[in-house]
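The C-terminal residue of the sequence shown carries number 258 in my numbering, and the numbering is unbroken. This report concerns only the one structure given below.
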Amino acid sequence: MTLHSKIIGQGQPFVILHGFLGMSDNWKTLGNKFAEAGFEMHLVDQRNHGRSFHNDEFNYEVLSEDLKRYSDTHQLENMTLLGHSMGGKTAMLFASEYPDLVSKLMVADISPRYYPVHHDTILAGLSALDFNDIKSRGAADTFLSQYVPEPGVRMFLLKNLYWIEKGQLGLRINLDVLKENVIEVGEALPIHSKFENPTLFLRGDKSEYVMPTDEKLIKQHFPLAAIETITNAGHWLHAENPKDFYEAVINFVTS
Numbered sequence: 004m005t006l007h008s009k010i011i012g013q014g015q016p017f018v019i020l021h022g023f024l025g026m027s028d029n030w031k032t033l034g035n036k037f038a039e040a041g042f043e044m045h046l047v048d049q050r051n052h053g054r055s056f057h058n059d060e061f062n063y064e065v066l067s068e069d070l071k072r073y074s075d076t077h078q079l080e081n082m083t084l085l086g087h088s089m090g091g092k093t094a095m096l097f098a099s100e101y102p103d104l105v106s107k108l109m110v111a112d113i114s115p116r117y118y119p120v121h122h123d124t125i126l127a128g129l130s131a132l133d134f135n136d137i138k139s140r141g142a143a144d145t146f147l148s149q150y151v152p153e154p155g156v157r158m159f160l161l162k163n164l165y166w167i168e169k170g171q172l173g174l175r176i177n178l179d180v181l182k183e184n185v186i187e188v189g190e191a192l193p194i195h196s197k198f199e200n201p202t203l204f205l206r207g208d209k210s211e212y213v214m215p216t217d218e219k220l221i222k223q224h225f226p227l228a229a230i231e232t233i234t235n236a237g238h239w240l241h242a243e244n245p246k247d248f249y250e251a252v253i254n255f256v257t258s
């Protein structure tokens, strides 16, 4: 089974991987901008997310294998690879397993270390959505606000809503499997993983996902890594400050 993607533009292949509970659609606006700059953009849905296949197995090893199968199918070589959060962990592992396929790696607001589970409330809120009662996006938003007070985070989560049929809403994500395997999302990059091509770590200045204490570990796995801070941005740095994020990425990939 091959991952679903949206492919835009022509040129050197540039693959983007979304984060946990996200989808390729989150990257549409930036994807179009990168395509205009001369890249063939592959906005990919990882398994159990977006329009990609559902499967009971969920860990970084299989997510990396999915991307390998995808790159074989589309004959991608010399790719630029960008991953956000969970997608960043997939990208780190893939680049270290298949360094010949990746010319440049970018990791957005995640480090190679272990992270404890911290999505409990969000997963509880999504699980509690009852689509026999909830018949509109507005109603879903109101209900979810009991669990997730931040409007921006709710907007991001509710992108997963879709009409199964007229009058019947559902979620695109494979919620049961993601809940069951949520501990996998925080797993550290394997200790011996290494990628020795140019790498850029981007962090939000209001986020605590990448701390100064992570720098030593980052350099162990990625000897050529640079770390850049995007101002006025938290964990969703590409959505919170797309202008500076775009500039940092385009400077790196064209240098």
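Backbone N, C-alpha and C fix where the C-beta goes; we use that ideal spot for every residue, glycine too.
- G90 carries a helical assignment under DSSP once its states are collapsed to helix, strand and coil.
- The C-alpha of F37 is placed about 31 Å away from the C-alpha of Y117.
- The criterion of a C-beta distance shorter than 8 Å is satisfied by N35 and I11.
- One alpha carbon belongs to S139, the other to F146, and they sit about 11 Å apart.
- Rounded to whole angstroms, the separation of the alpha carbons of L192 and M95 is 8 Å.
- DSSP places R206 inside the beta strand (DSSP E), whose first and last residues are T202 to G207.
- Between H52 and I186 the beta-carbon gap is near 17 Å, outside 8 Å, which marks them as no contact.
- Looking at the DSSP output, Y165 bridges to G173.
- Counted as a single uninterrupted DSSP element, the stretch harbouring A236 is not any beta strand (DSSP E), since DSSP gives it neither H nor E.
- At a cut-off of 4 residues, the continuous stretches assigned as alpha helix (DSSP H) that sit fully inside the segment 41 to 87 are 63 to 76.
- For L33, the CB contacts under 7 Å within the same chain, skipping 5 residues up- and downstream, are H241, P245 and Y249 in chain order.
- Here S210 has D112, A236, G237, H238 and L240 as same chain residues with Cβ atoms under 8 Å from its own Cβ, once five neighbours each way along the sequence are excluded.
- D136 and P152 have their alpha carbons spaced roughly 21 Å apart.
- Here DSSP, grouped into helix, strand and coil, assigns L160 to helix.
- Listed as beta-bridge partners of F17 by DSSP are M44 and T83.
- Within a 10 Å sphere around the beta-carbon of F56 sit fewer than 16 other beta-carbons, which makes this residue exposed.
- When the beta-carbon positions are compared, L181 and F255 stay at least 8 Å from each other.
- Taking T232 as reference, the option from R54, D247, R72 and L220 with the minimal CA-CA separation is D247.
- Put simply, the backbone Cα of I221 is about 48 Å away from that of K169.
- Excluding five sequence positions before and after K31, the CB atoms of its chain that fall closer than 8 Å to its own CB belong to K9 and L46, given in chain order.
- In the three-state DSSP reduction, K107 falls in the strand class (E or B).
- When the five nearest sequence neighbours on each side are left out, the beta carbons in the same chain lying within less than 6 Å of the beta carbon of R54 are those of H7 and D48, in order along the chain.
- When only Cα atoms are considered, F225 and T202 end up about 7 Å apart.
- Looking at E199, P215, N200 and I125, the one whose alpha-carbon comes closest to that of R206 is P215.
- Counted as a single uninterrupted DSSP element, the beta strand (DSSP E) harbouring S8 occupies residues S8 to I11.
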